[in-house]
Amino acid sequence: MHNEHTPLPVTRRDFLRASGGALGFLAFSGFAPSLLAQSALKQLPKAEKDRTILVLVQLAGGNDGLNTIVPFADDNYYRLRPSIGLKQDQLVDLSDTLGFHPSLDPMARLFYEGQLSVVQNVGYPNPNRSHFRSSEIWETATDSDVNGYTGWVGRYFDNACAGTPTDDPLGVHLGDQVPQMFAANDPHNVFGLQARGRVAQQEKEDVMLLESLTTASTKDENASYLQHTMMDALVTERRVQALINDYRTPVNYSGDGLSQSLKRVAALIAGGMETRVYFVSQGGYDTHSNQLGNHANRLRELANAMSTFQQDLKKKGLDGQVLTMTFSEFGRRPSENASQGTDHGTAAPLFVMGTGVRETLVGTPASLDLKKNQDLEFSTDFRQVYATVIDKWLQADSTQILGQQFETMEFI
Amino acid sequence: MQAWAPLSPRQWNEAHARHLLRRIGFSATPGAVDDAMQRGLHGTIEYYFGKTRPFPIPHRVQREVTELPKLRQEIRTAKDEEKRRMLRRDERTLSSSSYQDFAISWLSFAREQENSPQEKYVMFLQDIFVVSREKIKPAAYLYQHQNLLRREGFGAYPDLTKSVSRSPAMINYLDLHRSSKKSPNENFARELFELFTLGEGNYTEQDIKQAARAFTGYRARGSRFIFDKNAFDGTPKTVFGRTGNWNGDQVIDIVYDQPAAATFVPREFLKFYLAEEPLPEPYLEQLGRLWASKGYDMHFLIETVFTSRMFYQPEYQGNLIKSPIHYYIGLCQDLRLDVIPFPTRVLGSLRGMGQVFQTPPNVRGWVGGKHWINTTTLAARRQLAQTLFNPIDEEKLNADDFVELQAARAEDRADFVVTEERLSGLQDKSPEYISEHFCRYFLPASPPDAFRDTLARYLKSKEKDYVEGIKEITVAVLQSPQYQLS
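Order-wise, the sequence lines are chains A and B. If you're matching positions, the first sequence starts at 1 in the working numbering and goes up one per residue. If you're matching positions, the second sequence starts at 413 in the working numbering and goes up one per residue.
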């Protein structure tokens, strides 16, 4: 029990006491109404409809690259992985020396149709093996000895999307935390929604009430920023709710989180949201023990979700507009550990999916001529991948956004 | 010196008291405002900052302190991988239960109104001397570090800086434990200059390289500081143009001869408590000179700023964005609620609002201000306000939460949500009255008439279910942009 007096009465006496307070506070009234809140509601002209969209798929935990794209022709692979090495006859053909993990069959088909590119052995110098720190490096796109605050997508918003006349969020993420990739110097409209489950009804009276309170505006800068963001949130929530609940698609998404996330992304894209970047995440890649079964399940979910999403976009005629890319904070150690798993490592391949794909196998594979517990040496800097996407897909200036010039690649 | 001259006692009024309480703490409840009026401005500062209020080590943190070293020893000596894996799992469980206890205990402690200003000040210091659970997993070390700031944070800042350089959490967080004469690690030296004392642009890369050598040999054995003489580089170094066989403490003394040191902490302090935008340099320089002349005493800085005329300027009122922790604790105080003892729920809510307990994203700490706010975090704030009005369904609680609930009740903490019974205390009041009442007490600045009218009109439309209507407008006020400000 607290014996404090608070604005909400505890007893009648408390209430009488509380309401006997001075009126001195009212002296600050007299704010001019701002136009901000109105402008958030107003329908502004739409930006061009054929702008490109990027979907980022995070494989959280550190995906084991060597068991994703398997270098079966290299004896070193089986030397380093006597018990969890995948046999050649299990694999789905990729090239003379490489095979897809058997779970990735649906993605292999996209590969053969020229809609999926495998970027080999992506990493960065002086690798860090902490999940947190390495994710941060990937998300901020800095050198590994620099602590960045802003994310590369956030800097893209800062640089290329200032003043874009749209009510829609620039970035949408699935899940309850804003990814650091979206962290920017300037505030932008980014929106988060749950990966799955019911989308809350927003037409209820109490939401309308909050909306009215929000339009009652003030002139202070932080206050109007809050107001603006709240209005964005309420307007976007309503729009998102309608788009997701009304979404009809002929394809069948599975029930797992990633599939459901991508279904939502498809609904928003098909609904004409002018969002440029979507962020979804799949967990479970931190395979320290009993890796084989777990990893196979994760990759199966991934491949099903990605290929269903692509099929969906195609049926809606949107596949030309969307590029989907995976990333993970690191790959795993080439040598297996004593628990039939693998520990934190360095470089790994990533996938780029879309009809915009050009070359389907880029970069060079890692050398496996390694001692026990030695790590892979990356051959493609992850920022080359970003630079390619920024310059060629998002049509922005990668040197400005990444702070350095990186050689672009030919996957798009 | 006018700006930092004290507010005249004749000018002390309720509006000032509310402003002060919201800024140094998390709310301005009518009871606290009454007390502040009785104590006067100086008396209020003395009451809240005059003595340190100890925050006792939470039980499960204490358990971690005793059990972690044993467990780690077992892990080191374990024969096979399987055994080690099991022990590591035990270690994680131990640390996570300790962390949860730390979170709930601290929130409950900071929620007690008399502790709030001290704990908010500790949050300020933690935002300078950043350590994070991202890297330091044992809550015991995080607690120890926080407690160091609480214990020594009111004295001379250079002394505090020296103590922090010996804090085991800091030693691990900024890699001092890897720094030796052979390969000095520059991480700590860099942050010492950039983030603790001087700020960017006031040192050279050469100063960092040289200073890093003075901090070699700092080690932590569990929660104890140890100086490893053999790893220390005792040869001459030149830092800020001064050459000698400096050790770490001496480097910190040299730092405090740099002019930038006088304004760095005051600038951060004002940014945290007064305004997001930096004050004009002349004001800062004045404050810095005063602070330096008092040996960089933090109690002096606190007292000077919070009693100054500057602090009560109208343009500095009601326009700072509350941090998620401020929002959370402020709600508990404004609604007279105890912190709900369900760690998963509380920590999840803080995560959603963007402030994971004791886990700032990087060495810079929380950026704060507008960066707290986006549509995602606002949704989480709205969700939190809403849940404080939903009854707890005890049937659906999991076993852990049920035990926590019983334990909290045994300690006489039992008010976790606003009940209908309390709301009905207002049911004989008019819509206009209630609307005015909420605006006056919940909001840091008087809202425009349209805000009040909207509330009153809404409540009027709810005649048939008046108590429900009162609940809905209370929630809406607490969710409104205006309530996010302090």
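Beta carbons are placed, not taken as given, at the ideal position from N, Cα and C, and that holds for glycine. Being a predicted model, the structure only gives us computed values, none of them experimental.
Whether residue i touches residue j by CB criterion (8 angstroms)
{"i": "L537(B)", "j": "L561(B)", "result": "yes"}
{"i": "T650(B)", "j": "D232(A)", "result": "no"}
{"i": "T609(B)", "j": "F676(B)", "result": "yes"}
{"i": "A396(A)", "j": "N252(A)", "result": "no"}
{"i": "F605(B)", "j": "M710(B)", "result": "no"}
{"i": "E336(A)", "j": "R129(A)", "result": "no"}
{"i": "R631(B)", "j": "I583(B)", "result": "yes"}
{"i": "L483(B)", "j": "T719(B)", "result": "no"}
{"i": "R333(A)", "j": "D375(A)", "result": "yes"}
{"i": "V146(A)", "j": "F182(A)", "result": "no"}
{"i": "R545(B)", "j": "Q770(B)", "result": "yes"}
{"i": "V55(A)", "j": "T408(A)", "result": "no"}
{"i": "G331(A)", "j": "A348(A)", "result": "yes"}
{"i": "R434(B)", "j": "S898(B)", "result": "yes"}
{"i": "A903(B)", "j": "R721(B)", "result": "Summary: the structure shown does not reach residue 903(B), with chain B confined to residues 413 through 898, and so no result is reported for it."}
{"i": "M107(A)", "j": "F351(A)", "result": "yes"}
{"i": "V477(B)", "j": "S579(B)", "result": "no"}
{"i": "L213(A)", "j": "T799(B)", "result": "no"}
Residue i, buried or exposed, once every other Cβ within 10 Å from all chains shown has been counted against 16
{"i": "K495(B)", "result": "exposed"}
{"i": "L432(B)", "result": "buried"}
{"i": "I150(A)", "result": "Residue identity differs from the one stated: residue 150(A) is Thr in this sequence, not Ile. T150(A) is buried by the Cβ-count criterion."}
{"i": "G293(A)", "result": "exposed"}
{"i": "H428(B)", "result": "buried"}
{"i": "H344(A)", "result": "buried"}
{"i": "Y878(B)", "result": "buried"}
{"i": "F639(B)", "result": "exposed"}
{"i": "D75(A)", "result": "exposed"}
{"i": "V122(A)", "result": "buried"}
{"i": "P602(B)", "result": "Contrary to the premise, residue 602(B) reads as Arg rather than Pro in this sequence. It is buried - the Cβ of R602(B) has at least 16 other Cβ atoms within 10 Å."}
{"i": "V542(B)", "result": "buried"}
Sequence-distant residues of its chain with Cβ nearer than 6 angstroms to residue i (five each side left out)
{"i": "E48(A)", "result": "Residue placement at E48(A) is flagged as unreliable, the pLDDT there being 48, under the threshold of 50; a coordinate-derived value is accordingly withheld."}
{"i": "E715(B)", "result": "I457"}
{"i": "L890(B)", "result": "A797"}
{"i": "P179(A)", "result": "H173, F279"}
{"i": "R825(B)", "result": "D750"}
{"i": "I390(A)", "result": "A396, S398, I401"}
{"i": "S577(B)", "result": "G660"}
{"i": "V70(A)", "result": "L86, L91, G99"}
{"i": "S452(A)", "result": "Because chain A in this structure spans residues 1 to 412, residue 452(A) falls outside the shown range and cannot be described."}
Span of the alpha helix (DSSP H) around residue i
{"i": "I882(B)", "result": "878 to 891"}
{"i": "T489(B)", "result": "471 to 489"}
{"i": "T287(A)", "result": "Element bounds for T287(A): n/a, residue is neither H nor E."}
Same chain only: Cβ atoms within 8 angstroms of residue i, ignoring 5 sequence neighbours per side
{"i": "D827(B)", "result": "R748, L749, D750"}
{"i": "I487(B)", "result": "R496, L499, R500, E503"}
{"i": "I785(B)", "result": "I733, Q896"}
{"i": "T464(B)", "result": "Q530, R562, R563, F566"}
Residue i Cβ short of 7 angstroms to the ligand SAM heavy atom set
{"i": "G341(A)", "result": "Ligands are entirely absent from the displayed structure, and the ligand SAM is therefore not among its contents."}
Cut-off 7 angstroms between Cβ atoms - residues of its own chain near residue i, not counting five sequence neighbours on either side
{"i": "T573(B)", "result": "F608, T609, I664"}
{"i": "F712(B)", "result": "W703, K706"}
{"i": "A479(B)", "result": "Inspection of the sequence shows that residue 479(B) is occupied by Glu rather than by Ala. Excluding sequence neighbours, E479(B) sits near L506."}
{"i": "V357(A)", "result": "G114, Q115, L116, S117, F411, I412"}
Extent of the continuous beta strand (DSSP E) run through residue i
{"i": "F639(B)", "result": "636 to 639"}
{"i": "M325(A)", "result": "322 to 327"}
{"i": "G171(A)", "result": "171 to 174"}
{"i": "F191(A)", "result": "190 to 193"}
{"i": "G656(B)", "result": "654 to 656"}
{"i": "S510(B)", "result": "Element bounds for S510(B): not the beta strand (DSSP E) but the alpha helix (DSSP H), 493 to 523."}
{"i": "M353(A)", "result": "348 to 353"}
Subject >> Chain-ordered residues of the stretch 864 to 882 of chain B with a beta carbon less than 7 angstroms from chain A >> reply: T866, Y870
Original post:
Got a sec: which bits of the stretch 276 to 299 of chain A sit with their beta carbon under 9 angstroms from any beta carbon on chain B, in order along the chain?
Top reply: H288, S289
Subject >> Interfacial residues, the stretch 222 to 238 of chain A to chain B, with Cβ spacing under 7 angstroms >> reply: N222, A223, Y225, L226, Q227, T229, M230, D232, A233, T236
**OP:** Mind checking the stretch 319 to 348 of chain A against chain B and listing, in chain order, the residues whose C-beta falls within less than 8 angstroms of any C-beta there?
**Re:** N337, A338, S339
**OP:** Using a Cβ-Cβ cut-off of less than 8 angstroms, give me the residues of the stretch 715 to 732 of chain B that come near chain A, in sequence order.
**Re:** P726, Q729, G730, N731, L732
Original post:
Going along the chain, which residues of the stretch 53 to 69 of chain A sit with their C-beta nearer than 8 angstroms to a C-beta in chain B?
Top reply: none
Original post:
Can you list, in chain order, the residues of the stretch 776 to 788 of chain B whose Cβ is nearer than 9 angstroms to any Cβ on chain A?
Top reply: R776, V779, G781, K782, H783, I785, N786, T787, T788
Subject >> Selection of the stretch 626 to 657 of chain B by Cβ proximity to chain A, strictly under 7 angstroms >> reply: none
Original post:
Closer than 8 angstroms, Cβ to any Cβ of chain A: which residues of the stretch 572 to 585 of chain B, in chain order?
Top reply: none
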